[in-house]
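Structure, as structure tokens:
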Amino acid sequence: MNETLIEFKNVKKVFDDTVVVEDFNLEVKKGEFVTLLGPSGCGKTTMLRILGGFELPTSGSIMMNGEDISMLPPNQRPVNTVFQKYALFPHLNVYDNIAFGLKLKKLSKKEQDEKVKKALELVDLEGFEKRAIHTLSGGQQQRIAIARAVVNEPDVLLLDESLSALDYKMRKEMQVELKNMHKKLGITFIFVTHDQEEALTMSDKIVVMADGEIQQIGTPEEIYNEPKNLFVADFIGESNIFKGTMLGYHKVRFCGTEFDCVDDYAKDMVIDAVIRPEDIVITDESKGQFTGEVISCDFKGTFYIVVVQAGKNEIEIHSLNNYAIGTKVGMSIEPDNIHLIPYDTSINHYEGKVVESKVEDKIHVEFEDFEVDIDPSVLIPGAVMEDWEVVDAEGNGIDLMGTRVEASFIPSDADLTDEAEQGLVQGNIFSFIYVDDHYRYTVRTKSEEDYVVNDEDLWNQEDYVGVIIPMDKITYKIIEGEADEE
Amino acid sequence: MKSNNLRKQLAIPYAIFLLLFVVFPLLVVIYYGFTNGDGQPSFENFINFFKNGKTVGTLIYSFAIAIITTIVCLLLAYPVALIIAKGAYSKKAKFLMIFVLPMWINFTLRITALKEVLTLIEGNLAYHQFLNTIICMVYDFLPFMMMPLYNSLTKLDDGLIEAARDLGAGKRQVFFKVILPLSVPGIVSGVTMVFLPSMTNYVVLDMIYNSTYIMGSLIGSYFSAYDWHNGSVISIVLLLIILAITYLSNKYTEDDGTSARVR
């Protein structure tokens, strides 16, 4: 169980200049059930295809049993795949489909018969040998596809969104069966899915991916309870996210209330607090740490989803009790149910360069997506423009040409607009999460720069928007170090 | 009900056309085939057909030309269709166009041009009659083989090829165990599209050699000599052969599991 079977080292894949996967490092142990989880387009299927041999990595390597297999063709890898659409051969019957790999290995007819029979038993389809593929239901085809792969006794079984085509009930059944099969066969499973529930149910190890990069690797419990960043917190399960500040040792303030917590960060540090809906306890108004008013309560079978308005914040809570709308309630949260993530301060910083001035009294700075005219004093205190030249406080001329400048702004100062051309920059909504009482959007421009903006309106993923950043809210500073060649 | 009637009425123009230009001439051909010069019913024409060395010879010659044309077309078109359909070209349609483009040029013009080219190469066309006929026929019918092959190969799911690779098949095994069997419907319809017309095509031979040594030309020569009876018999024999081939090829495609895939 502790032997490393597969090792991905810095795998990167580029399709037509688009980076699909980057910095992919992962170790898979023998017999593990590893799930690659992420939204569509996150690169998880690409990784599976790279492991299967259907795509070659642009750089990096994949070691299996200590050998570099990165460049081997699929037929020479000890790996078999269960494809998303099953990919059963329509011109062959069930037996010939399953025996396809065995025949290529030139096993005797008797061995083939035995192995096919055992494989069919494994997937509970005994006696289906002579059936034509098109007479099988989706679930049965799924099972045959699994049988066809495992009959070859691969070191690793790859499953590409294999359950997504099944209906809900069948999917649940197959989840359990796959897990049992994994135990029985003892081979390594690598499963790709966008369904977080499926991943949590089945895996020993989950690899959460987004935007071509691994966000977090961990057991289902770790991923759920200790999400490393907001993406993971938001993608796995439901979460309430509040922006807050550290008050001191194990003290944090958010939602206008002071809470004890387990995570510790420096005083005054800005953090995002992640709290699962089931971790908030509804109490009497007088007993809770903070209070609010129930604004909706929906039955979900085993629990109610209660939404409480507390100040500006809407808080989602899973509760076993039904609350009438308008009820004033108290809420409390146990310290170890408050998960803190340091607020990402690396966002909204852009690098630009001073170029020739366009107006007499301003210097002109070009960034990837926009250009601005700014007063020289913004960069060098006391500096002014004299006759198109920058002059410092002592009256000495300075040549700023080519100087690298960093611009930054904070998400709450910017706004989004439908009329994209009105924004300083334009791009598509790449992702968003709900924090406090607003959405935090990431807008990605054509040049692949991200702009994080808070906005109260709801936009959809891929919406084309303009980002309005008031000129006076952008701060600039000179980036020290040598300037670019020029 | 009303709309149903209307829909049926829409078929009337075609029905009339069919009646006048297909069914009626066919009946006339059958009438002439089974009567002699005096208008008496007789099988004499048929007996003549099989007794006559020239007609039987022509039949065999036509068969040979058609079979070889079909095989050459298949061998030329299949790799190209496979490369265009499954290769890594982003502009597949344009590549296909290059091969189908000749179809847009007037048929006689094409043959005349080809005849000139062949004359340039060979000096005198009289030496390689059979070869020249095949070259012209292949040139003429290649697009008809390309299209169905290309269509059936593009429809072939790449996932199946990947699955075969995944299960341990090398490139050659993928071809023989997956691609080839799954493109059988395309092969059958390509073969039908080329074989049948090349059996009866006489324009090619007529244009390059003014020869009547092929079934179509033979019919033409009888009719132009006002021998309706013998001409009709040859037509009927050809018709029966074509019917038999069509029946066989249909039967084969139905037996193939792939056609049953659409549920």
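Chains as they are written, first to last, in our numbering: chain A, 186 to 671; chain B, 1024 to 1286.
For each residue, glycine too, the CB sits at the ideal point set by N, CA and C.
Under 9 Å between the Cβ atoms of A/G587 and A/V557? no
Give me the chain B residues within the contact set of A/P263, using Cβ-Cβ distance strictly less than 9 Å, ordered along the chain. Within 9 Å Cβ-Cβ: nothing; A/P263 doesn't reach chain B, min ~10 Å.
Please classify A/K315: is it buried, with 16 or more other beta-carbons within 10 angstroms of its beta-carbon, or exposed? exposed
If you reduce the DSSP assignment to three classes, tell me which class A/E536 lands in. strand
According to the neighbour-count rule (16 or more other Cβ atoms, all chains shown, within 10 Å of its Cβ), is B/S1282 buried or exposed? The predicted position of B/S1282 is uncertain, since its pLDDT is 40 and thus under 50; no value can be drawn from it.
Does B/L1183 get closer than 9 Å to chain A when you measure Cβ to Cβ? yes
If you measure from the beta carbon of A/H524 to each beta carbon in chain B, is any gap under 9 Å? no
Report back the beta-carbon spacing between A/D560 and A/K547 to the nearest angstrom; my notes put them in contact at under 8 Å. 6 Å
Using the Cα positions of A/D449 and A/E407, report the straight-line distance between them to the nearest angstrom. 18 Å
DSSP beta-bridge partners for A/D457? A/K428, A/I526
I need the DSSP call for A/L343, collapsed to helix, strand or coil. strand
Quickly, what does DSSP pair A/L611 with across the bridge? List them, please. According to the sequence as given, residue 611 of chain A is Gln; it is not Leu. Looking at the DSSP assignment, A/Q611 forms a beta bridge with A/G651.
Within 8 Å of chain A by C-beta, residues of the segment 1191-1204 of chain B in sequence order: G1191, A1192, G1193, Q1196, K1200, V1201, P1204
Closest to B/M1222 by CA distance: which of B/D1250, B/H1151, B/I1090, B/T1142 is it? B/I1090
Do the CB positions of A/L305 and A/A332 come within less than 9 Å of each other? yes
DSSP state of A/R356, grouped into three classes? helix
Taking the alpha-carbon of A/K357 as reference, which of A/V205, A/A384, A/K302, A/V492 has the nearest alpha-carbon? A/A384
Candidates B/G1254, B/A1087, B/L1119: which alpha carbon is nearest B/L1105's? B/L1119
Give the straight-line distance between the Cα atoms of B/A1087 and B/H1151, rounded to the nearest whole angstrom. 15 Å
Between the C-alpha atoms of B/V1285 and A/E311, what's the straight-line distance to the nearest angstrom? Caution is warranted here: a pLDDT of 34 is assigned to B/V1285, below 50, making its placement in the model unreliable, and the coordinate value is therefore given only provisionally. Answer to the nearest angstrom: the Cα atoms are 25 Å apart.
Once DSSP output is grouped into helix, strand and coil, what is the label at A/M394? strand
According to the Cβ coordinates, are A/D521 and A/V459 closer than 9 Å? no
Run through DSSP, which three-state label would A/Q269 get? coil
Select from the segment 233-266 of chain A all residues with a C-beta closer than 9 Å to any C-beta belonging to chain B, and list them in chain order. R234, G237, G238, F239, P258, P259, N260, Q261, R262, V264, N265, T266
Any beta-carbon of chain A closer than 9 Å to the one on B/N1253? no
Would you list, in chain order, the members of the segment 273-295 of chain A that have their beta-carbon closer than 7 Å to a beta-carbon of chain B? F274, P275, H276, F285, G286, L289, K290
For B/R1195, does the three-state DSSP call read helix, strand or coil? helix
Could you give the first and the last residue of the continuous alpha helix (DSSP H) run that contains B/V1214? 1207-1223
Check whether the segment 482-489 of chain A and the segment 601-615 of chain A touch, using three or more Cβ-Cβ pairs below 8 Å as the test. no
Indicate the three-state DSSP secondary structure (helix, strand or coil) for A/E591 in the structure shown. strand
Going by DSSP in three states, A/H549 sits in which element: helix, strand or coil? strand
Could one say the Cβ of A/A592 lies closer than 9 Å to chain B's Cβ atoms, at least one of them? no
Along the alpha helix (DSSP H) that carries A/E571, what are the first and last residues, could you check? No alpha helix (DSSP H) holds A/E571; the beta strand (DSSP E) holding it covers 569-571.
Taking 7 Å as the limit between beta carbons, can you name the residues of its chain near B/P1036, skipping five residues before and five after? none
Give, in chain order, every residue of the segment 1105-1139 of chain B whose Cβ lies closer than 9 Å to some Cβ of chain A. none
Is the segment 1128-1148 of chain B close to the segment 224-239 of chain A, with three or more CB pairs under 8 Å? no
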